[in-house]
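A.B. asks: Numbering (our numbering), first residue to last: 9 to 478.
Beta carbons are placed, not taken as given, at the ideal position from N, Cα and C, and that holds for glycine.
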């Protein structure tokens, strides 16, 4: 019986010998060398897949700093203390004569001194109030996070902030000057003062931060969209750290009259502290607030390398749009629910895992009804087990900054275990029948905090935070 031997030479120079019996067309007999070659190929491709999997593995992004400038206080400590105590920051407007306005109340920042926050009088004159708030709160955040800018890291940290409207006060001042004195009396600083991106821009100038510098404007969801974008910057490896959140200051004649004409503002002027009443049957509009809320996001590797204190972790972001109406949300809550669902899926969790929600809860009839509907749609029976808080009952509505300060408070909730109560929920609405923490703050030690923001144009955003566990 004769045997035929055939050698095949591959491009890598390896000879593989195949022996077969040509007399009866039997299957080839594969030698030890051929088996080893195949095994090496399999191992090689497994290593490639492992490397790709490791390169695509998700970074952990943590919160290493918090700062707040709110109607409840000019720093984090006083803002949080008053929130937990159930104190309202809403009072009659003092910034201008509002006696002829339908809505005459707001959540103003009190006794703000830019020089106290390191802003010179000269520079303050060249900044709209919302930019002053941004720089002040940015300086507070740098101090709280203990993040030191150096030549080695200055381009590895960036800033993404949410601003809903921008320099409305500056527009009003220089419009009056234009009308009264003519075009030559309009300041060359007018445009730089009013544009929204001057908030992160001036922080960068003050701190020397040279990374990504962006402002996001999506109405009352601006800050949460900014936080979501900053989160992505770190996840994608474009930055080690990001300053993010929101800032706003539009308690002006035009701001108040504009929202009043839409019938969006509360008219409970006689009792300012009871005017913002989310989910309550007698709610009749939101109360405008102002201020800033920032968080420092940082990769876990960066935070550990510098020995930073970690206050919480961001684990998910979701967004959607109603595609429905300029100002009114969809009444079925479908797209609000989608934003929340997207954030939960992004974190790899199930709705049943969520044990706290910081609601958008503006105190307008339609928003509170729609948000409640959305929560029920997504969580089902579990919705009734979730403690829900409405910070706007005390701060008022900070518009583009709302999601920023509410994210700060969400992280504080996870860090301390205390869920702040919702004030002024005195007359239950049958359509808003969930657990809104109306009996005051309570230590419940939640593991997760889902923070919601919804805005004009139908834009919806949700961010999911987790209690820090090493």
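Taking the CB atoms as reference points, tell me whether residue 141 and residue 77 lie closer together than 8 angstroms.
C.D. replies: In the chain shown, the residue the question calls residue 141 occupies position 133. In the chain shown, the residue the question calls residue 77 occupies position 69. Yes, the Cβ-Cβ distance between residue 141 and residue 77 is below 8 angstroms.
A.B. asks: Taking buried to mean at least 16 other C-beta atoms within 10 Å of its own C-beta, is residue 245 buried or exposed?
C.D. replies: Here residue 245 is taken as the residue at index 237 of the chain shown, counted from 1. Label assigned to residue 245: exposed.
A.B. asks: So, at 7 angstroms on beta carbons, what are the nonlocal neighbours of residue 377 in its own chain, with the 5 sequence-adjacent residues on each side left out?
C.D. replies: Within the chain shown, the letter at position 369 stands for residue 377. Excluding sequence neighbours, residue 377 sits near 439, 440.
A.B. asks: Between which two residues does the beta strand (DSSP E) containing residue 456 stretch?
C.D. replies: As a position in the chain shown, residue 456 is number 448, starting the count at 1. Looking at the DSSP string, the run of the beta strand (DSSP E) that includes residue 456 is 456-463.
A.B. asks: Is the number of C-beta pairs between the region 330-337 and the region 449-461 that are closer than 8 angstroms three or more?
C.D. replies: At 8 angstroms Cβ cutoff, the stretches do not touch.
A.B. asks: Please return the same chain residues whose Cβ sits closer than 6 angstroms to the Cβ of residue 322, not counting the five positions on each side in sequence.
C.D. replies: Taking the chain shown and counting its residues from 1, the one referred to as residue 322 is at position 314. So the list reads 69, 239, 473, once near-sequence residues are dropped.
A.B. asks: So, does the region 252-262 touch the region 339-346, judging by three or more C-beta pairs under 8 angstroms?
C.D. replies: Touching, no, given that fewer than three Cβ pairs across the two stretches are closer than 8 angstroms.
A.B. asks: Does the distance from the CB of residue 392 to the CB of residue 443 come in under 8 angstroms?
C.D. replies: Here residue 392 refers to the residue found at position 384 when the chain shown is read from its first residue. Here residue 443 refers to the residue found at position 435 when the chain shown is read from its first residue. Against a cut-off of 8 angstroms, the Cβ pair of residue 443 and residue 392 comes out as a contact.
A.B. asks: Grab the span of the alpha helix (DSSP H) containing residue 415 for me, first residue to last.
C.D. replies: Along the chain shown, one-based indexing puts residue 415 at 407. Element bounds for residue 415: 410-424.
A.B. asks: Taking just the CA atoms, how far does residue 414 sit from residue 269?
C.D. replies: Within the chain shown, residue 269 is the residue found at index 261, counting from 1. Within the chain shown, residue 414 is the residue found at index 406, counting from 1. Roughly 27 angstroms separates the two Cα atoms.
A.B. asks: Buried or exposed: where does residue 358 fall if 16 or more other Cβ atoms within 10 Å of its Cβ makes it buried?
C.D. replies: Within the chain shown, numbered from 1, the residue matching residue 358 stands at position 350. Residue 358 comes out exposed.
A.B. asks: I think residue 220 touches residue 204, with their Cβ atoms under 8 angstroms apart; what is that distance to the nearest whole Å?
C.D. replies: Position 212 of the chain shown, counted from the start, is the residue given in the question as residue 220. Position 196 of the chain shown, counted from the start, is the residue given in the question as residue 204. Actually they do not touch by this definition, with Cβ atoms about 16 angstroms apart.
A.B. asks: Counting along the chain, where does the alpha helix (DSSP H) carrying residue 131 start and finish?
C.D. replies: The count along the chain shown starts at 1 and reaches residue 131 at position 123. Taken as a continuous stretch (DSSP letters only), the alpha helix (DSSP H) holding residue 131 covers 129-133.
A.B. asks: Which residue's Cα is closest to the Cα of residue 166: 93, 410, 207, 86?
C.D. replies: If you number the chain shown from 1, residue 166 lands on position 158. When each option's Cα is compared against that of residue 166, the closest is 207.
A.B. asks: Nearest CA to the CA of residue 445: which residue from 190, 93, 243, 199?
C.D. replies: As a position in the chain shown, residue 445 is number 437, starting the count at 1. Among 190, 93, 243, 199, the Cα nearest to that of residue 445 is on 93.
A.B. asks: One question on the structure: do residue 175 and residue 125 come within less than 8 angstroms of each other, judged by their Cβ atoms?
C.D. replies: Here the question's residue 175 lines up with position 167 in the chain shown. Here the question's residue 125 lines up with position 117 in the chain shown. Going by C-beta atoms, residue 175 is not nearer than 8 angstroms to residue 125.
A.B. asks: Would you kindly report the start and end of the unbroken alpha helix (DSSP H) that includes residue 241?
C.D. replies: The residue labelled residue 241 in the question sits at position 233 within the chain shown. First-last of the alpha helix (DSSP H) with residue 241: 230-243.
A.B. asks: What are the partner residues of residue 250, as DSSP defines its beta bridges?
C.D. replies: Within the chain shown, the letter at position 242 stands for residue 250. Beta-bridge pairing links residue 250 to 166, 305.
A.B. asks: Just to check, is the beta-carbon of residue 444 closer than 7 angstroms to a non-hydrogen atom of the ligand PLP?
C.D. replies: No copy of the ligand PLP occurs in the structure displayed, which carries no ligand at all.
A.B. asks: Straight-line CA distance for residue 110 to residue 300?
C.D. replies: Within the chain shown, residue 110 is the residue found at index 102, counting from 1. Within the chain shown, residue 300 is the residue found at index 292, counting from 1. Residue 110 and residue 300: Cα-Cα distance of roughly 26 angstroms.
A.B. asks: Out of 305, 283, 288, point me to the one whose CA is closest to residue 296's CA.
C.D. replies: Position 288 of the chain shown holds residue 296. The candidate whose alpha carbon is nearest that of residue 296 is 283.
A.B. asks: Report the rounded CA-to-CA distance for residue 395 versus residue 379, giving the unit in angstroms.
C.D. replies: Position 387 of the chain shown holds residue 395. Position 371 of the chain shown holds residue 379. Each residue's alpha carbon lies about 14 angstroms from the other.
A.B. asks: Between 43, 75, 44, which has its C-alpha nearest residue 319's C-alpha?
C.D. replies: The sequence position of residue 319 within the chain shown is 311, counting from 1. Residue 75 is the option with its Cα nearest to residue 319.
A.B. asks: I'd like the span of the alpha helix (DSSP H) that includes residue 468, first residue to last.
C.D. replies: The sequence position of residue 468 within the chain shown is 460, counting from 1. Per DSSP, residue 468 belongs to no alpha helix (DSSP H); it is in the beta strand (DSSP E), 467-474.
A.B. asks: Tell me the rounded alpha-carbon separation between residue 462 and residue 103.
C.D. replies: The count along the chain shown starts at 1 and reaches residue 462 at position 454. The count along the chain shown starts at 1 and reaches residue 103 at position 95. The straight-line gap from Cα to Cα measures roughly 28 angstroms.
A.B. asks: Near residue 150, what residues of its chain come up, given a Cβ to Cβ distance below 7 angstroms and the 5 sequence neighbours on each side ignored?
C.D. replies: Counted from its first residue, the chain shown places residue 150 at position 142. Excluding residues within five positions, the ones whose Cβ falls inside 7 angstroms are 215.
A.B. asks: Please go through the same chain and pick out, in chain order, the residues whose beta-carbon is closer than 6 angstroms to the beta-carbon of residue 327, but skip the five residues on each side of it.
C.D. replies: Walking along the chain shown from the start, residue 327 turns up at place 319. 347, 469.
A.B. asks: Do the region 249-256 and the region 179-193 make contact, defined as three or more Cβ pairs closer than 8 angstroms?
C.D. replies: Verdict: no, contact absent.
A.B. asks: Could you tell me the distance, in whole angstroms, from the CA atom of residue 404 to the CA atom of residue 87?
C.D. replies: By one-based count along the chain shown, residue 404 stands at place 396. By one-based count along the chain shown, residue 87 stands at place 79. Roughly 13 angstroms between the two C-alpha positions.
A.B. asks: Considering only C-alpha positions, which residue in the set 241, 356, 420 is nearest to residue 163?
C.D. replies: The residue you call residue 163 lines up with position 155 of the chain shown. The candidate whose alpha carbon is nearest that of residue 163 is 241.
A.B. asks: On the three-state DSSP scale, how would you describe residue 171?
C.D. replies: The residue you call residue 171 lines up with position 163 of the chain shown. Note: residue 171 maps to coil in three-state DSSP.
A.B. asks: Assuming the contact rule is C-beta atoms closer than 8 angstroms, residue 513 and residue 280 should be a hit. Round their C-beta distance to whole Å, please.
C.D. replies: There is simply no residue 513 to check, as the chain begins at 9 and stops at 478 in what is shown.
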